[in-house]
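Novice: Numbering (this note's numbering), first residue to last: 1 to 123.
Note that CB positions come from ideal geometry on N, CA and C, so glycine has one too.
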Amino acid sequence: MADKKTIFVAFAMEDVKQRDLLKGQALNTKTPFDYVDMSVKEPYDKEWKDRVRTRIRRSDGVIALISKDSQTSSGQRWEIQCAKEEKVPLRGVWAYTDDRTKLDGVNTVVWTWDNIKAFIDSL
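(1) What is the DSSP secondary structure of residue 48, reduced to helix, strand or coil?
(2) Just the C-alpha distance for residue 110 and residue 45, rounded to the nearest angstrom, thanks.
(3) To the nearest angstrom, how far is the alpha carbon of residue 1 from that of residue 31?
(4) Exposed or buried, residue 97, counting other C-beta atoms within 10 Å across all chains shown (16 or more means buried)?
(5) Roughly how many angstroms lie between the CA atoms of residue 71 and residue 93, to the nearest whole one?
(6) Rounded to whole angstroms, what's the CA-CA distance from residue 79 to residue 53? Just pull it up for me.
(7) Classify residue 118 as buried or exposed, calling it buried when 16 or more other Cβ atoms lie within 10 Å of its own Cβ.
(8) Here's the rule I'm using: 16 or more other beta-carbon atoms within 10 Å means buried, otherwise exposed. How should residue 100 be labelled?
(9) Based on the DSSP secondary-structure assignment, which residues constitute the bridge partners of residue 178?
(10) Taking Cβ to Cβ, would you say residue 88 is nearer than 8 Å to residue 61?
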């Protein structure tokens, strides 16, 4: 197996169950990546942003779980913008089968193990 990759997952807090599902998949299969969780339970202050930026910089890639809630999630949108600024590879994954929300500048794919693996393998 190739070296494990560190992946930062950006998500809207409304989609925390989908984040948990992705985390569960990562823990219960032979995945080629480590999972970095920076769930937000405190205000988006400068200290939080500094910690997130540091973790995004240390990541090999960012997976953004995209849903209708992504459009209004200031934290997730900031994380996506940060990944772009830091030039960390970014892939959007639709969080739900019946939600195909698009975010400008985010290449988003259907949530399948093959699509996630292909992104990670490309890093």
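Specialist: In this structure, then:
(1) Reading the sequence shown from its first residue, position 48 is the one you call residue 48. Residue state, collapsed to three classes: helix.
(2) Locating residue 110 in the sequence shown gives position 110, counting from the first residue. Locating residue 45 in the sequence shown gives position 45, counting from the first residue. Cα-Cα distance, rounded: 32 Å.
(3) Against the sequence shown, residue 1 aligns to sequence position 1. Against the sequence shown, residue 31 aligns to sequence position 31. Unreliable positioning characterises residue 1 in this predicted model, as indicated by a pLDDT of 45, which lies under 50. The coordinate reading is nonetheless provided below. Roughly 9 Å between the two C-alpha positions.
(4) On the sequence shown, position 97 is the one that residue 97 refers to. By the neighbour-count rule (16 or more Cβ atoms within 10 Å), residue 97 is not buried but exposed.
(5) Stepping through the sequence shown from its first residue, residue 71 is reached at position 71. Stepping through the sequence shown from its first residue, residue 93 is reached at position 93. Annotation: residue 71 to residue 93 spans about 14 Å, alpha carbon to alpha carbon.
(6) Mapped onto the sequence shown, residue 79 falls at position 79. Mapped onto the sequence shown, residue 53 falls at position 53. Looking at the two C-alpha atoms, the distance is approximately 8 Å.
(7) Counted from its first residue, the sequence shown places residue 118 at position 118. Exposed: under 16 other Cβ atoms inside 10 Å.
(8) Taking the first residue of the sequence shown as 1, we reach residue 100 at position 100. Residue 100 comes out exposed.
(9) The question about residue 178 has no answer, for the chain in this structure spans 1 to 123.
(10) As a position in the sequence shown, residue 88 is number 88, starting the count at 1. As a position in the sequence shown, residue 61 is number 61, starting the count at 1. For residue 88 and residue 61, yes; Cβs fall inside 8 Å.
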